[in-house]
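Final position of the sequence shown in the numbering used here is 168; the numbers increase by one with none missing.
For every residue, glycine included, the Cβ atom is placed at its ideal position computed from N, Cα and C.
Here the structure is a predicted model, which means the values were calculated and not measured.
Following: one structure in structure tokens, then a few remarks.
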Amino acid sequence: MNKTSAPMERIQALDAIEKDIITCLQAAGAAFSELSKENKSSVKQAETQTNQFFKTLNSVESKLTEQINYLTQVSTGQPHEGSGYASQKVLQMAWHRLEHVRSRVMELDRISRINKERMNQSQERMNQAPPPPGPKQ
């Protein structure tokens, strides 16, 4: 690998990670959208979107860890080959976005639990309601 292709490959990898973060945010948004609906199929769709979110989030986390490990090795064991500020800033922003996504997931989880409780309470009330009176004879 020549000296110019390695940084470009790293930048492309960070670009792919950024796209995965966008996918995470889209999945979280779709899950929120489904939770705002009031039918049971929406809850199932929200769970599917949430699972997609977590799958992509795990991928982002492992890819970012790989990038961090690489930067740690380069910064401690290699001669200086130029400024790493741009890469550091990109990584810092990616971590910031990851933390933002995590906070949004926590919010999604909280809303999901609230909606499930409401649905359960609604079903319990319907089950406890007395049957309507029959026709008079």
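Spatial neighbours of S64 in its own chain (CB-CB distance under 8 angstroms, excluding positions within 5 residues in sequence) are not present. Judged by their CB atoms, V121 and L45 are nearer to each other than the 8 angstroms cut-off.
Of the candidates A77, V91 and G115, the residue whose Cα lies closest to the Cα of M39 is G115. Annotation note: the region 112-163 contains the following uninterrupted alpha helix (DSSP H) runs of length 4 or greater, listed N- to C-terminal: 116-159. S90 is a Cβ neighbour of D51, given a cutoff of 8 angstroms.
Below 8 angstroms, enough C-beta pairs join the region 52-63 and the region 73-84 to call them touching: three or more.
Ranking I53, R156, V105 and Q43 by CA distance to the CA of L129 puts I53 first. Per DSSP, reduced to three states, the secondary structure at K68 is coil, with no helix or strand assignment. By the Cβ rule, the region 93-103 does not count as touching the region 71-78, because fewer than three pairs are nearer than 8 angstroms.
P166 carries a coil assignment under DSSP once its states are collapsed to helix, strand and coil. Each residue's CA atom was taken as its position, placing C55 and I99 some 20 angstroms apart. Rounded to the nearest angstrom, the Cβ distance from I48 to A125 is 6 angstroms, consistent with a contact under 8 angstroms. Excluding the 5 residues flanking it on each side, S106 has same chain C-beta neighbours closer than 8 angstroms at G115, in chain order.
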